[in-house]
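Everything below concerns the one structure shown next.
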Amino acid sequence: MDPRRGKAPRTASKARAATSKASAQGVKGPRQEPSESSSATGAARPNARKRGGVGASGSLRNGTPGSPERLQVRARGARARKAPLDAEDAVEGQAVAAPKLESPAAGPSLPRASSRRRSGARAAGERRPPPEPTEGPGLGPLVSAPGAAPGAWNPRAVLEKLRLRRQEISLAADTVNGVVDRLLRSLKRGDSEFKDVALLRTGSYYEHVKVSAPNEFDIMFKLGVPRIQLEEYRNSGAYYFVKFKRNPKGNPLSPFLEGEILSASKMLCKFRKIIKKEIEDIEDVIVEKKKKGSPAITLLFRKPKEISVDIILALEVNTSWPASTKEGLPIEHWLGTKVRTRLRQQPFYLVPKNAKEGNGFQEETWRLSFSHIEKDILKSHGQSKTCCEINGVKCCRKDCLKLMKYLLEQLKIKFEKRKELEEFCSYHVKTAFFHVCTQESQDSHWHTRDLELCFDDCVTYFLQCLKIEHLEHYFIPGFNLFSRDQIDKISKEFLSQEIEYERNNGFPVFHKC
C-alpha cells in the first residue's frame, strides 16, 4: 500500500516523529551556523533521514576513462515505506497519453511502492486532508499556528508570496522589451556578421516559473548556421567544436575562424562589443563585467527597479540532434512518443559556453542548449492534454518547481559570502524536477491537494543526486551535471546538509523576505 494512502494518516506530527534523534536536535536547539571549514559540517548537521531503500537507489558504475559516470538505477516500483517529512502563452502542442510502463529512470528512484489511487475513495480509517487554503491576500503565516507540530509549514502561503504581480510584470516587460528591440535593430543594421539574428525568449519568466519578482530575463539572439560539422569535445556529449563544410557562397562568419574551428570566444567578444556600444547611449543601463566561461552578456537595469537581463548568442542548427542525445528526453511514458518525436524534429542550439579544461576553459567550444524544448515541456506538462488548462484539472508540477527554485535561491542569498553554493544554479533543480516528472508521469500523482508531498518527492530526489554525486542531464544522458569536475564534493555535501536542515525545521529560509 502506498504510505501516503495507508491507514495511518500522514500528519505533520507523525512526520517529525519519524525523524532521527539527530534531526530532532536541529528542531529543539538554536540554529548553529556552519563553520568556515566545510569538512566539519557533517558533524554539525544531521544526515539525511532514512527513506526506506532510497539511499541504495543509485550507485555509480565503474565508468570507462574519459567518459562521464553512469548511474545504475534500481527498478521502479520496489519502494520501501517512506519516512514522512518535509511565461508565456496558452498550452501549445498536444501531449499524447501513453500507458504507464515500467522503465528505468535517469537517476535515483522515488521511494514509492505504488502509484496513488486514481479514484476519490480513501482507505478505511484514512483521514481526509485539510482543505487547501484560498490563494489571496488573506493567507495565514508561513508556519502553522501555535500547537502545531514542530517544523510544519504552509507551502500555499509561500507560493502566494512568490506570485508575480501583474503591474510589476507589465512594467518590467516594457522596460526590457524596449532595450532588446533596440539591440535587435542595431545588430541587423549594415553588414554586421549578426545581421540575420532573431529573438528567442527563454528562461523562467517565459516558462511561467519565475519566482519572487520579474527581475531576471533570458534573451537569446539566434543565428542560423547551415552546413556545419560538429566535433565532440573529449566525449563530453555536451561540448563541441564547430567546423564549416564548404560554402561556395562564402562564409559570413569566417572572421571568427581559428583555423578550421569557429571560435566561441572570438564570436562572443565581437557580439559583446556591439551590445556594449549600443548600451552606452541608454540611461540607467550598464553591461556587467564579463564572467569567465559564461556565455551571457548581462545587462543591469537600475531604474525603475533593478532588473538583470542575460543576452545569449545562440547558433541555430537545423539538422538531426547529436548522437549523445539519442537516449535523452525520456518523456515517452509522460508526454508520449509522438510528442518526443515532434520535439526532436525542432532545431537545437549551440551557445558559447566554454568547457572546463583543468583550471581554465577551452575557449573555442560551444555547448548544446535545449532551453526552447524545456519551455515547450513546461507549457504542455501534463499527461492529460487538458492539464492546467482553463477547463482542465489543475496539477502542482509548476508549484513544486517554483518552490525548488526558491529554496536554492534563498540558500544562495543566505550564504552569499561563502563559495560552496557558487556553482549551483536553477538549471540543476529544473533538471532534477524533470526526472521526477518522468518517474511520476501520471497526472493523478500531482494533485494540488498533495503539493507538500510532491514537493518533498522533488527534494528527496535532489538530495539523493547530491549524495551520489550524479545528476544526469535530461537531454544528454552521458553528461553528469554533478560530476566532480563540474562541482566539488564539499560543495555538494554543504548544500545537502543545508537542505536537510531546512526540511527538518519547516523551511525557515522561506520565512525570510
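In our numbering, the protein residues as written are 388 to 900.
All C-beta atoms, glycine included, are put in the ideal place defined by N, C-alpha and C.
Fair warning: this is a prediction, and the values are worked out from it, not measured in the lab.
Between the segment 659-678 and the segment 779-795, the count of Cβ pairs shorter than 8 Å is below three; the stretches do not touch.
By alpha-carbon distance to glycine 611, the top candidate from Phe581, Phe604 and Glu810 is Phe581. Each residue's CA atom was taken as its position, placing cysteine 824 and lysine 679 some 33 Å apart. Taking a contact as a CB-CB distance under 8 Å, the pair isoleucine 698 and alanine 559 does not count as one, their CB atoms being some 16 Å apart. Sorting Arg569, Phe881, Asp578 and Gln616 by C-alpha distance to the C-alpha of lysine 799 places Phe881 at the top.
Taking 9 Å as the cut-off, the beta carbon of leucine 850 is found closer than this to the beta carbon of glutamate 887.
The three-state reading of DSSP puts tryptophan 833 in helix, counting H, G and I together.
The alpha-carbon separation between leucine 687 and leucine 840 amounts to approximately 38 Å. Taken atom to atom, the span from the alpha-carbon of glutamate 744 to that of isoleucine 673 is near 31 Å.
Counting along the chain, no alpha helix (DSSP H) covers lysine 632, and no H or E run does either. For the beta strand (DSSP E) assignment, the uninterrupted runs of no fewer than 3 residues enclosed by the segment 637-696 are, from N- to C-terminal side, 672-674 and 683-688. For serine 756, the uninterrupted beta strand (DSSP E) run begins and ends at 753-756, by DSSP.
Between leucine 858 and histidine 898, the gap from beta carbon to beta carbon reaches 9 Å or more. Cβ contact annotation for lysine 781 (same chain, cutoff 7 Å, sequence separation greater than five): Cys775 and Thr835, in chain order.
In the DSSP assignment, tyrosine 793 is bridged to no other residue. Distance between asparagine 892 and alanine 539, taken at the CA atoms: about 8 Å.
For the pair leucine 790 and proline 542, the CB atoms are nearer than the 9 Å cut-off.
Boundaries of the alpha helix (DSSP H) harbouring tyrosine 848: 838-855, taken from the DSSP string. When the beta-carbon positions are compared, tyrosine 626 and arginine 727 stay at least 9 Å from each other.
Contact check for lysine 690 against glutamate 555 fails: the beta carbons are separated by 9 Å or more. Taking C-beta separations shorter than 8 Å and ignoring five residues to either side along the sequence, the partners of glutamate 714 in its chain run Pro864, following chain order.
The beta carbon of proline 639 sits closer than 6 Å to the beta carbons of Glu580 from its chain, once the five residues preceding and following it are set aside; these are given in chain order. Partner residues in a beta bridge of valine 612, as assigned by DSSP, do not exist. Taken through DSSP and simplified to helix, strand or coil, isoleucine 886 comes out as helix. Leaving aside the five residues that flank asparagine 602 on each side, the residues in its chain whose CB is nearer than 6 Å to its CB run, in chain order, Ile694. The beta-carbon separation of leucine 853 and phenylalanine 869, rounded to 7 Å, stays under the 8 Å limit for a contact. For leucine 722, no beta strand (DSSP E) run applies, since DSSP gives it neither H nor E.
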